[in-house]
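In terms of the numbering used here, the sequence shown opens at residue 29 and continues consecutively.
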Amino acid sequence: MIEYLIGMYPWLKAGHIISVISWMAGIFYLPRLFVHHSEKVKISTETDELFIMMELKLLKVIMTPAMITTWIFGIGLAVIPGVIDWTAFWPWVKLVCILIMTGFHFWLSGRQKEFAQGKNLLKGRTYRIMNEVPTVLLLIIVIMVVVRPF
C-alpha cells in the first residue's frame, strides 16, 4: 500500500494543486458577489434572483466540490510516509489555516442562504473586509509549505 501511495504522489499533488486553485478562485469571488448583491440589488427583483443563482452555483458546483477534493488529495499526500515531518511546526500552522479556511467556506455558505431567503443583514463593507481573510490564510499556507520557516 505504501509503495502504491508513493507512486501516486505526483498525481495526488497535481490533484491537490488543481483543487486548491479552484477552491480559492471561488472563495475569492463569492464575497465580491456578496458586496455587489448587498450594495446594488433590491430584494425580489430579477437581478436579485440572478445573483442568488450565481452565488448558489458557484458555491455548490465549484467551491464545495473543490474544497472536498482539496481535503481528499491533501489527506492522501499527508499519509505518504516522509512527505510531512509532523515533528516540525509548519504543518500544524498550515493545518490550522486550512481549518479556518474551511470554516470561512461554511460562513460564506451561511451568508448565501441568507441572501437566498432575502435576509442578508451585512453591509458590502463587511464582505470587503472578510474577503481579506482567505488572502491572509493563503499567504501563510504557501509560506509554510514552500519556505517551511519552523
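We put the CB at the ideal spot given by N, CA and C, even for glycine.
Bear in mind that the values here come from a model prediction, so they are computed numbers and not experimental data.
Q: Report the option in Ile-49, Thr-92, Phe-79, Ile-30 whose CA atom is closest to the CA atom of Val-63.
A: Phe-79
Q.
Does Phe-56 pass the burial test, meaning 16 or more other C-beta atoms within 10 Å, or should it be called exposed?
A. exposed
Q | Nearest neighbour of Leu-174, chosen from Gly-43, Pro-119, Val-89, Met-52 [CA to CA] | A | In the sequence as displayed, the identity of residue 174 is Val instead of Leu. Considering only alpha carbons, the answer is Pro-119.
Q: Within 10 angstroms of the Cβ of Met-29, are there 16 or more other Cβ atoms? Answer buried if so, exposed if not.
A: exposed
Q: Evaluate Phe-117 with the Cβ neighbour count: other Cβ atoms within 10 Å of its Cβ, from every protein chain shown; 16 or more gives buried, anything less gives exposed.
A: Under this definition Phe-117 is an exposed residue.
Q. Could you give the distance in angstroms between the alpha-carbon of Val-161 and the alpha-carbon of Val-124?
A. 13 angstroms
Q: Using alpha carbons as the reference points, say which of Gly-54, Ser-66, Ala-106 lies closest to Leu-150.
A: Per the Cα distances, Ser-66.
Q: For Ser-47, I'd like the list of residues in its chain whose CB is within less than 7 angstroms of its CB, leaving aside the five on either flank, ordered along the chain.
A: Ala-94, Thr-97, Thr-98, Phe-101
Q | Any chain C beta carbon closer than 8 angstroms to Tyr-57 | A | No chain C appears in this structure, which consists of one protein chain only.
Q: Quick one: residues in its chain with C-beta nearer than 6 angstroms to the C-beta of Val-4, no 5 flanking neighbours on either side, listed in chain order?
A: What the structure shows of the chain is the stretch from 29 to 178, and residue 4 is not part of that stretch, so it cannot be assessed.
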